[in-house]
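Engineer: Residue numbers (this note's numbering): 214 to 493. This is the structure I have questions about; it appears just below.
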């Protein structure tokens, strides 16, 4: 015996495309089962508006999602092209969440200037005495998203950065590890360093077409900048649409591709790029 729950949608916003995944949820005696109902990749114009996300939002709003809107909810995943990240050092003088966010905003302003005053911030809390990873996005983007979902009549469950979604999709592999996580997007690389499962460094950089050949050098540079005293040389790459290409060889780095678990409704090879968006 089973009962159907309302559908879920994953909407992934990039500057040049929108990824849509519709998911059916079924309550069974063994728990919730989820399977993919529909998947789409919609191109858009990265320079098609005043803001870099304008055309992506227009493309999404014009798309037809699988399932009844009023009985569905959505999670939006934001490309690292829209995100800023920082490691916020532990400060025992901070007594509550408000003070922690104020301190985090000050850190972003030191790195990015007064623009950070207009950003929406989130902290991923760590244990006592540990640095926290923080993410920021121009507040106009989540504001515009809420407006779109209000017009469509779809419940907006959460807005997540790409880095967190990728980590959550492979949490079992990364837990307690000392390793690098590298997310590859069009013209963008995100480097994150984990030490025994704890975040200790994160940075995004622009990258060209030769990023694969440059990766050993880029990792050496990030390790130097991180100054974390780590000897971690294991590198997990998240590049789901290009996992058939050879990894760099001949350096101290041990590269491997991250592969989220398979999901019902997805072909393991052809649809690999959609699998990570089913988590979170």
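Beta carbons are placed, not taken as given, at the ideal position from N, Cα and C, and that holds for glycine.
Tell me the start and end of each unbroken alpha helix (DSSP H) in the stretch 301 to 356 that is at least 4 residues and wholly inside, in chain order.
Structural biologist: Here the runs fully enclosed are 310 to 325.
Engineer: Does the Cβ-Cβ distance between residue 407 and residue 394 come in under 8 Å?
Structural biologist: In this structure, residue 394 lies closer than 8 Å to residue 407 by Cβ.
Engineer: Compare the C-alpha of residue 392 against each of 353, 442, 364, 373 and name the closest.
Structural biologist: Checking every option, the nearest Cα to that of residue 392 belongs to 442.
Engineer: When you compare only the Cα positions, how much space is there between residue 292 and residue 417?
Structural biologist: Cα to Cα, the separation comes out at about 11 Å.
Engineer: Specify the secondary structure class of residue 248 as computed by DSSP and reduced to three states.
Structural biologist: Correct three-state label for residue 248: strand.
Engineer: Cutting at 8 Å between CB atoms, please list the residues of its own chain near residue 321, excluding the five before and the five after it.
Structural biologist: The answer, listed in chain order, is 297, 299, 329, 332, 334, 347, 349.
Engineer: Would residue 372 pass as a contact of residue 345 if the rule is Cβ separation under 8 Å?
Structural biologist: For residue 372 and residue 345, no; Cβs fall outside 8 Å.
Engineer: Would you call the stretch 376 to 392 in contact with the stretch 459 to 475, where contact means no fewer than 3 C-beta pairs closer than 8 Å?
Structural biologist: Because the criterion of three Cβ pairs below 8 Å is met, the stretch 376 to 392 and the stretch 459 to 475 touch.
Engineer: Name the DSSP bridge partner or partners of residue 195?
Structural biologist: This structure leaves residue 195 out entirely; the chain is present only between 214 and 493.
Engineer: Under a three-way DSSP split, which group does residue 381 fall into?
Structural biologist: Here residue 381 sits in helix by DSSP.
Engineer: Measuring straight from C-alpha to C-alpha, what distance separates residue 366 and residue 287?
Structural biologist: Residue 366 and residue 287: Cα-Cα distance of roughly 11 Å.
Engineer: Applying the 10 Å Cβ sphere with the 16-neighbour rule, what's the burial state of residue 426?
Structural biologist: Residue 426 is exposed by the Cβ-count criterion.
Engineer: Have a look at residue 399 and residue 458 and give me their C-alpha separation to the nearest angstrom.
Structural biologist: Distance between the alpha carbons of residue 399 and residue 458: 16 Å.
Engineer: Could you check whether residue 414 and residue 199 sit closer than 8 Å to each other, using their CB atoms as the reference points?
Structural biologist: In this structure the chain extends from 214 to 493, so residue 199 is not present and cannot be described.
Engineer: Alpha carbon to alpha carbon, how far is residue 241 from residue 259? Give it in angstroms, no decimals.
Structural biologist: So the alpha carbons of these two residues sit roughly 42 Å apart.
Engineer: Is the beta carbon of residue 270 less than 8 Å from the beta carbon of residue 397?
Structural biologist: Not closer than 8 Å, so no.
Engineer: Can you name the start and end residues of the alpha helix (DSSP H) that residue 272 belongs to?
Structural biologist: Element bounds for residue 272: 267 to 275.
Engineer: What number of angstroms, rounded off, separates the C-alpha of residue 294 from the C-alpha of residue 401?
Structural biologist: Using only the alpha carbons, I get a separation of about 7 Å.
Engineer: Helix or strand or just coil, what does DSSP make of residue 238?
Structural biologist: Looking at residue 238 - three-state DSSP - the assignment turns out to be strand.
Engineer: What number of angstroms, rounded off, separates the C-alpha of residue 460 from the C-alpha of residue 307?
Structural biologist: Roughly 44 Å between the two C-alpha positions.
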